[in-house]
Amino acid sequence: MLDQLSGATRLFPIIGDPIKYVESPVRLTRTFGERGYHGICVPMQVPAEDLDAVMAGLTASRNVDGILVTMPHKFTAFGYCATSSERARMLGVVSVIRRNPDGTWHGDMLDGLAFVKAQVDHGAEPAGARVLLVGAGGAGSAIAIAMLEAGVRELIVHDADESRVNALLELVADLGRGRVIAGPPDPTGCDLVCNATPMGMEAGDPLPVDPALLTSSMFVGDVISGHGLTPFLAAAKAAGCKTADGGHMVEAAQDVMADFFQR
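Following the numbering used here, the numbering of the sequence shown begins with 1455 at its first residue and continues without gaps.
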């Protein structure tokens, strides 16, 4: 793609702070190239206090067709969107924004969709499934909505912070898709088991689920990327489970984002 750069190239910056760990500049640019689309993703380190100035500049730059948003801007960037998806409005968060025909921004939150796509791509079947979701923070909330949109029969949510669980249950109460309840981190009887917590990023972290309760019929997914095989997924593989890791989620996100930007 880089040897085809020209004045016609469309720009898709990813903004965040820190920015050096992001993988989308390579991955999304590669995905655009595979689709024959003349676009490139470039990293921009943007501290929170400079977001207003940067957004004004990107809005005024008419060859910027979309923006990828990472921490700490996902909540704040929602406020720059004139329109947004229902899930973005529910969460008050965006992970991507694209141009509307009038030059304003349209936002969406794709993290949950990318997680679910990674699971499906590696053998999971969410439709009609009973699912345990550990973690009800920002990632967990996005995954919960995407799982319900994918047609899960029952979603059991656990988080050490009960207020997060209650907030998530209230958030999805009116979706009318599947049964959503609070529960312990017990995967017994579940088809899918999902870790949406940071547990596994540091040595000595407790596992989100007792591995003795995992069986080979379960599909196990983890949001953690960039840390190799997490102890949780290692235990799942040892139990004979099919798995998808955070790296698979990152890879799946590129197609989801490219679809969003090319509409």
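All C-beta atoms, glycine included, are put in the ideal place defined by N, C-alpha and C.
- In chain order, VAL1548, GLY1561, ASP1562, MET1563 place their CB closer than 6 Å to the CB of ALA1542, counting only its own chain and leaving out the 5 sequence neighbours on each side.
- Minimum Cα-Cα distance from GLU1705 among the listed residues VAL1585, THR1483, ARG1618 corresponds to THR1483.
- In the three-state reduction of the DSSP assignment, HIS1702 falls in the helix class, which pools H, G and I.
- When the alpha-carbon of SER1460 is set against those of LYS1571, GLY1493, GLN1499, the nearest one is in GLY1493.
- Minimum Cα-Cα distance from PRO1638 among the listed residues GLN1716, ASP1575, ASP1645, ILE1610 corresponds to ILE1610.
- By the Cβ-count criterion, TYR1534 is buried, with 16 or more other Cβ atoms from all chains shown falling within 10 Å of its own Cβ.
- By alpha-carbon distance to ALA1666, the top candidate from CYS1648, GLY1654, THR1642, GLY1680 is THR1642.
- For GLU1656, the three-state secondary structure derived from DSSP is coil.
- ASP1556 sits exposed, since fewer than 16 C-beta atoms from the chains shown fall within 10 Å of its C-beta.
- In the three-state reduction of the DSSP assignment, ARG1618 falls in the helix class.
- In the three-state DSSP reduction, ARG1717 falls in the coil class, being neither helix nor strand.
- Rounded to whole angstroms, the separation of the alpha carbons of ARG1516 and GLU1656 is 42 Å.
- Of all C-beta pairs linking the segment 1611–1628 to the segment 1701–1717, fewer than three are shorter than 8 Å, placing the two stretches out of contact.
- The three-state secondary structure of ASP1709, taken from DSSP, is helix.
- Contact holds between the segment 1646–1653 and the segment 1590–1610, because three or more Cβ pairs, one in each stretch, are under 8 Å apart.
- LEU1661 places its beta carbon less than 8 Å from that of ALA1689.
- For PRO1638, the three-state secondary structure derived from DSSP is coil.
- By alpha-carbon distance to MET1601, the top candidate from GLY1694, LEU1623, GLY1566, ILE1551 is GLY1566.
- PRO1555 sits in coil when the DSSP states are folded into three classes, being neither helix nor strand.
- Taking 8 Å as the cut-off, the Cβ atoms of PRO1479 and LEU1512 do not count as close.
- Contact between THR1684 and LYS1691 is absent: CB atoms are separated by about 10 Å, not below the 8 Å threshold.
- Just measuring C-alpha positions, the residue of GLU1503, GLU1540, VAL1476 sitting nearest ASP1628 is GLU1540.
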